[in-house]
Amino acid sequence: MHNLIKAVVNSNENTLLREFLHQLRQQKRTYWLRNDIIVFFEQFCQEQKQEGKLSPTGQSTVQIEKILQVIQEIILESESYCIVIRPKIAQEEFYRLTNALEVEAISVQEILAIRDRYVNRHHPADGKIFEIDFRPFYDYSPLIRDSKNIGNGVQYLNRFLSSKLFQDPQQWLSELYKFLSLHNYNGTQLLINERIQNQAQLSNQIKEAIAFVESRPGTEPYPEFRFPLQSLGFEPGWGNTAARVQESLELLDALLDSPDHQILEALLSRIPMIFRLVLVSCHGWFGQEGVLGRPDTGGQVVYVLDQAKSLEQQLLEDITLAGLDVLKIAPQVIILSRLIPQSDGTRCDERLEKVYGTENVFILRVPFRSNGHSTDYWISRFEIWPYLETFAIDAEKELWSVLNGRPDLIVGNYTDGNLIAFLLARKLKVTQCNVAHALEKSKYLFSNLYWQDLESQYHFSLQFTADLIAMNAANFIVSSTYQEITGMPDSVGQYESYKHFTMPDLYHVVDGIELFSPKFNVVPPGVNESYFFPYSNYQDRTMGDRQRLEELLFTLDDPSQVYGRLDNPEKRPLFSMARLDRIKNLTGLVEIFAQSDSLQAQCNLILVAGKLRLEESEDPEERSEIEKMYALIDQYQLQGKIRWLGVRLSKGDTGEVYRVIGDRRGIFVQPALFEAFGLTILEAMISGLPTFATRFGGPLEIIQDGENGFLINPTQTKETGDRLAKFVQQCDQDPDLWSKLSQAAMARVYSTYTWKIHTTKLLSLSRIYGFWNFVSQEEREDMLRYIEALFYLLYKPRANQLLAAQHSL
Ligand code: UDP
Ligand code: LCN
1 MHNLIKAVVN
11 SNENTLLREF
21 LHQLRQQKRT
31 YWLRNDIIVF
41 FEQFCQEQKQ
51 EGKLSPTGQS
61 TVQIEKILQV
71 IQEIILESES
81 YCIVIRPKIA
91 QEEFYRLTNA
101 LEVEAISVQE
111 ILAIRDRYVN
121 RHHPADGKIF
131 EIDFRPFYDY
141 SPLIRDSKNI
151 GNGVQYLNRF
161 LSSKLFQDPQ
171 QWLSELYKFL
181 SLHNYNGTQL
191 LINERIQNQA
201 QLSNQIKEAI
211 AFVESRPGTE
221 PYPEFRFPLQ
231 SLGFEPGWGN
241 TAARVQESLE
251 LLDALLDSPD
261 HQILEALLSR
271 IPMIFRLVLV
281 SCHGWFGQEG
291 VLGRPDTGGQ
301 VVYVLDQAKS
311 LEQQLLEDIT
321 LAGLDVLKIA
331 PQVIILSRLI
341 PQSDGTRCDE
351 RLEKVYGTEN
361 VFILRVPFRS
371 NGHSTDYWIS
381 RFEIWPYLET
391 FAIDAEKELW
401 SVLNGRPDLI
411 VGNYTDGNLI
421 AFLLARKLKV
431 TQCNVAHALE
441 KSKYLFSNLY
451 WQDLESQYHF
461 SLQFTADLIA
471 MNAANFIVSS
481 TYQEITGMPD
491 SVGQYESYKH
501 FTMPDLYHVV
511 DGIELFSPKF
521 NVVPPGVNES
531 YFFPYSNYQD
541 RTMGDRQRLE
551 ELLFTLDDPS
561 QVYGRLDNPE
571 KRPLFSMARL
581 DRIKNLTGLV
591 EIFAQSDSLQ
601 AQCNLILVAG
611 KLRLEESEDP
621 EERSEIEKMY
631 ALIDQYQLQG
641 KIRWLGVRLS
651 KGDTGEVYRV
661 IGDRRGIFVQ
671 PALFEAFGLT
681 ILEAMISGLP
691 TFATRFGGPL
701 EIIQDGENGF
711 LINPTQTKET
721 GDRLAKFVQQ
731 CDQDPDLWSK
741 LSQAAMARVY
751 STYTWKIHTT
761 KLLSLSRIYG
771 FWNFVSQEER
781 EDMLRYIEAL
791 FYLLYKPRAN
801 QLLAAQHSL
């Protein structure tokens, strides 16, 4: 990359570069981000052309444009320019270019100091700032070489560690033997028993056992030959029929004789080692009814509930296949959340709530404690940091009592849940999995650089520290998309944004996360097919609901829950549904609609957005969005063309709402400024709605632009409005177009985004990482000790300070 800059400097483009840098300096702005640099360069070139300084063919900008393709930032210092380049996904480089066009590489430490200088927070005379560096601790595992394979960690890890382990057959056999002897359920031994005392006996006995099951009819149920197999040393867990037991034993036999990573993976995927699962989702209102659409409670609740149900189903299937139903094993899934005594009509004040339609899935709620007392009211996710450690302590006791044992896997959700998962997993010595949903750091521009200014509202110093702790401590991380980890060629990923950053006056992160670690796995969520299904499945729809919701959406005159009366309710609906967060940008969609006469002529805008009135909300962002929405409707005189539903729909109604929009050949628009994943997009697509979704974030991977939906840039109001209007026009002319998009959208979800695909993969990951956690536990101890130091010395004192501040209010 150095060479790329040198190439410009040494080419005949250097005069142009000098002029461009000079012009940048004239703008009285010192911090330039990628998009602004590109836009400014385009303007600059136009001006140069007009002045005849640039050849009209544009040939003379080729070298500079190569740099612009990979540029991230330019920071102007008095005599030089600091340039951040991202030549490849997950790789950043830093350079200083002087006014005289001399170029030199600079270190991470230097660029962080430069950023500090930019905000007047660089104090070298006071000594060096605390540096956080995780790089030395990642020597316990191999690293993926090609960034294309990031997110596919398990295969890589398995292949690498297997080959390492197989090099020492004695150690390999001994580890495998120890691992197999370990498994039991409530004291009942599984897999192998004390008749097999060592690996040598295992090798002998397995041949006999294979010969024995081979002699039985393949379909013979396991209970009929359980006892003879037991006398050979083999307990339940190998299969539910003679054929399946034989298959599993043969896998083990092959592993003992000539180990292979694929056979190891196949065997581990069958081994019954997960019976008790804990999913931590702590900050929001977590419930089955009447909670969605509240601040802090959105897709994560939907995700975790659906995941929990699907996990139970999958575990039940796996247990049956493993032949364990003889032991009457019932898998347990606990969703660990916060108990909120003042629960505002929800069931969030109940300690234990059974999840509908399951055997053994419960929401276990534990209150937040403060100075020994339970807290009463909902606390925003930005304020809960002081409560998490005591929550983890209390939750541990509760979990023991509900599960009657130790969990086999703990999955954290969001920063708070992941921190709790870390504390619990460390204490209980259990495998820890992280799910981010959304990492707040990349949602707010410069959230780290200006953390001190934002601290009183957002407390990012705690959140980002907690993120660093949890993501590094996790045995494995599940992300919904590839770009969540490491972005796209032109944009930084959410996890990648933790690689190096400054928290001025607090710390510098010189290496915050190893993106090439095999701990990362992309496992997208699914959509609940009982609630969300194609509008054309008329036999599964209830006529009464359909009529009721049609009325609510288009005609009901009830100001308590709907704002706006449509002049022409028959027009094609343009539909969106989201919480009224700034980032969800529903007000941006109103602007897109407002600025397109053609769109207004053809469509009505229908919004489902939780609330209508300022007095209903205490959330500052929500209140400001409500105000903005009314202002826009007035400013653009949208009365008669828009309906804004201030309702919180049940899940069943939500599903039917999408279908009612589908009946009218409507369109779904998701206009977020950034969307980590976007469950509403899956819901709309499976219902058969042609969907236009933001290109910023996860939707970029869900939608294949033009094939099964469309990607939009919601900040380009005019362009997006034109695109929507054009599509609607085309659909009017050719009704097959709508149906074609509708079919393609449904097919996309069914092929790629189901909970069955998700949970099968998640459980297989859990077993494989569980195995490697067992084999290589000690190798991570140094990292975990470092993490503990960060927790107790950095996080905890700050959390205590926050608590004191909260009490003094
Ligand atoms: N949702 C809902 N009622 C509302 C708003 C949202 O049921 O008033 C549901 C919606 O169907 C989806 C989830 O909340 O399942 C939102 O998830 P998404 O991933 O789109 O966004 P998040 O809110 O998590 O950022
Ligand atoms: C949080 C978000 O912001 C959404 O983009 C996701 O779809 C949701 O969580 C579920 O993961």
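Here the sequence shown stands for residues 1 to 809, where the numbers follow the UniProt record's numbering. All residues carry an ideal CB built from backbone N, CA and C; glycine is no exception. Nothing here was measured: the structure is a model prediction, and the numbers come from that model.
- If you check the C-beta of residue 575 against the ligand UDP, you find no heavy atom less than 8 angstroms away.
- When distances are taken from the beta-carbon of residue 691 to the heavy atoms of the ligand UDP, even the shortest one reaches 8 angstroms or more.
- The Cβ atoms of residue 368 and residue 375 sit closer than 9 angstroms to each other.
- The alpha carbon of residue 671 has as its nearest neighbour, out of 804, 684 and 588, the alpha carbon of 588.
- For residue 91, the enclosing beta strand (DSSP E) stretches over residues 91 to 98.
- It is roughly 6 angstroms from the alpha-carbon of residue 355 to the alpha-carbon of residue 361.
- Close CB contacts of residue 133 within its chain, under the 7 angstroms cut and outside five residues either way in sequence, are with 510 and 511 (chain order).
- Between residue 519 and residue 476 the beta-carbon gap is near 5 angstroms, inside 8 angstroms, which marks them as a contact.
- In the structure shown, the three-state DSSP call for residue 150 is coil.
- By alpha-carbon distance to residue 11, the top candidate from 599, 690, 353 and 64 is 64.
- Counting only runs of at least 3 residues, the stretch 607 to 687 fully encloses the following beta strand (DSSP E) elements, listed from N- to C-terminal order: 642 to 645 and 667 to 670.
- Residue 603 is bridged by DSSP to 572.
- The way I'd put it, the stretch 315 to 332 does touch the stretch 174 to 192; three or more beta-carbon pairs between them come closer than 8 angstroms.
- Segment contact: the stretch 262 to 269 against the stretch 277 to 287, fewer than three CB-CB distances shorter than 8 angstroms; contact not assigned.
- Counting along the chain, the unbroken alpha helix (DSSP H) around residue 770 starts and ends at 755 to 775.
- Per DSSP, the beta bridge partners of residue 337 are 365.
- At least one heavy atom of the ligand UDP is found less than 8 angstroms from the C-beta of residue 300.
- The beta carbon of residue 774 lies closer than 7 angstroms to those of 179 in the same chain, with the five residues before and after it left out.
- Looking at 116, 340 and 598, the one whose alpha-carbon comes closest to that of residue 378 is 340.
- Per DSSP, residue 273 lies in no beta strand (DSSP E) segment and is marked neither H nor E.
- Here residue 125 is exposed, its C-beta having fewer than 16 other C-beta atoms within 10 Å.
- The three-state secondary structure of residue 451, taken from DSSP, is helix.
- Here DSSP, grouped into helix, strand and coil, assigns residue 105 to strand.
- With three or more CB-CB distances shorter than 8 angstroms, the stretch 644 to 659 counts as touching the stretch 538 to 549.
- Taken in chain order, the whole alpha helix (DSSP H) runs of length 4 or more contained in the stretch 533 to 595 are 543 to 550 and 586 to 594.
- With a cutoff of 9 angstroms on beta-carbon distance, residue 701 and residue 483 are scored as near each other.
- Residue 689 is classed as buried because its beta carbon has at least 16 other beta carbons within 10 Å across all chains shown.
- As for any alpha helix (DSSP H) of minimum length 4 sitting wholly inside the stretch 198 to 263, the runs are 199 to 214, 226 to 231 and 242 to 257, ordered along the chain.
- Under DSSP, residue 177 takes part in no beta bridge, so it has no partner.
- Distance from the CA atom of residue 363 to the CA atom of residue 515, rounded to whole angstroms, is 33 angstroms.
- In the structure shown, residue 318 falls within a helical segment according to DSSP collapsed to helix, strand and coil.
- By alpha-carbon distance to residue 435, the top candidate from 461, 493, 463 and 471 is 471.
- In this structure, residue 480 has its CB closer than 8 angstroms to one or more heavy atoms of the ligand LCN.
- Closest in alpha carbon position to residue 275, among 783, 305 and 184, is 184.
- Cα atoms of residue 335 and residue 457: separation of roughly 28 angstroms, rounded to the nearest angstrom.
- Cβ atoms of residue 486 and residue 150 come within 8 angstroms of each other, at about 5 angstroms.
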